[in-house]
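Since the structure comes first, as structure tokens, the remarks are kept for the end.
In this note's numbering, the protein residues as written are 87 to 286.
Structure follows, in structure tokens:
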């Protein structure tokens with residue numbers, strides 16, 4: 087029974103979930119949402135909410151599939167599809183991974199440039215180096231060590247977001263109004279697509 091498992095052990099079981107959670111607070115995601123907020127205020131809040139609900143559904147269904155079958159979604163695809171579709175899915179996954187990596191490195195470079203006035207190239211190199219070091223920790227120390235590092239980073243991000251809520255208090259009425267689906271100008275649909283892409 088789960089109730090008989092010590093709390094510390096339960097937290098360690100959540101390690102993979104924390105690693106997956108990084109995808110929703112990465113530099114590319116934050117940069118896209120901040121850009122949308124600075125240009126259109128609360129207008130695209132509904133897009134952020136819907137994108138996260140869709141992502142939660144996908145994660146939930148993937149987790150259920152793994153719990154029931156003991157296999158990941160990619161394993162199922164590999165076992166059920168013929169060679170052509172398998173290669174197509176693999177190429178798609180590689181392209182998405184590369185696009186995501188570029189977004190994270192550029193987002194990290196922009197953040198370092200804003201915080202420390204570093205050139206974008208230097209910021210990109212620092213971001214890529216830190217990413218490689220974090221991944222290397224998982225290779226050397228094991229998956230649990232990587233999970234602890236990621237959990238520490240997520241805690242730091244949570245502190246930053248919480249502090250931001252008190253420093254710049256959101257307008258409740260504006261937030262409520264932003265839940266109504268609408269666009270403002272010709273650029274807002276493009277940013278909405280960026281929010282969905284960065285989230286999902």
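Note that CB positions come from ideal geometry on N, CA and C, so glycine has one too.
All values derive from a computational prediction rather than experimental measurement.
For residue 180, count neighbouring Cβ atoms within 10 angstroms of its own Cβ and tell me buried if that reaches 16, exposed if not. Residue environment for residue 180: exposed (fewer than 16 other C-beta atoms within 10 angstroms of its C-beta).
My understanding is that residue 277 touches residue 122, with C-beta atoms under 8 Å, so please give their C-beta distance in whole angstroms. Indeed they touch by this definition, with Cβ atoms about 5 Å apart.
Report yes if the CB atom of residue 198 is closer than 7 Å to the CB atom of residue 209, and no otherwise. Taking 7 Å as the Cβ cut-off, residue 198 and residue 209 qualify as a contacting pair.
In this structure, how does DSSP classify residue 198 when only helix, strand and coil are distinguished? Helix at residue 198.
Flag this pair as yes or no: are the beta carbons of residue 131 and residue 271 separated by less than 7 Å? No. Outside cutoff.
The segment 188-195 touching the segment 208-227, judged by at least three CB pairs closer than 8 Å: Output reads yes: the segment 208-227 touches the segment 188-195.
Using a Cβ-Cβ distance under 7 Å, would residue 172 count as near chain C? Of the chains in the structure shown, none is chain C; there is only one protein chain.
For residue 217 and residue 225, the rounded distance between their alpha carbons: The straight-line gap from Cα to Cα measures roughly 13 Å.
Can you tell me whether residue 251 is buried or exposed? The criterion is at least 16 other CB atoms within 10 Å of its CB, across all chains shown. Residue environment: residue 251 is assigned as exposed (fewer than 16 neighbouring CB atoms within 10 Å of its CB, all protein chains considered).
Helix, strand or coil for residue 276 per DSSP? Residue 276 sits in a helix when the DSSP states are folded into three classes.
When you compare only the Cα positions, how much space is there between residue 230 and residue 101? Spanning the alpha carbons of residue 230 and residue 101 requires a straight line of approximately 7 Å.
Using the rule of at least 16 other Cβ atoms within 10 Å of the residue's Cβ for burial, across every protein chain shown, is residue 146 buried or exposed? It counts as exposed.
Status (buried if at least 16 other CB within 10 Å, exposed otherwise) for residue 242: Counting Cβ neighbours within 10 Å, residue 242 comes out exposed, since fewer than 16 surround it.
For residue 284, which residues in the same chain have their Cβ closer than 6 Å to its Cβ, ignoring the five residues on either side in sequence? For residue 284, the CB contacts under 6 Å within the same chain, skipping 5 residues up- and downstream, are 114, 115, 118 in chain order.
By the three-class DSSP mapping on this structure, what secondary structure does residue 214 have? It is helical.
Within 10 angstroms of the Cβ of residue 280, are there 16 or more other Cβ atoms? Answer buried if so, exposed if not. Buried: at least 16 other Cβ atoms inside 10 Å.
Go through its chain and collect everything with a Cβ distance to residue 141's Cβ below 6 Å, but skip five positions before and after it. Correct list, in chain order: 285, 286.
Would DSSP call residue 251 helix, strand or coil? Here DSSP, grouped into helix, strand and coil, assigns residue 251 to helix.
Contacts around residue 223, its chain only, beta-carbon distance under 7 Å, and the 5 residues preceding and following it disregarded: Same-chain partners within the cutoff: 231, 232, 235.
Host alpha helix (DSSP H) of residue 150 (start-end): Segment 131-155, the alpha helix (DSSP H) holding residue 150.
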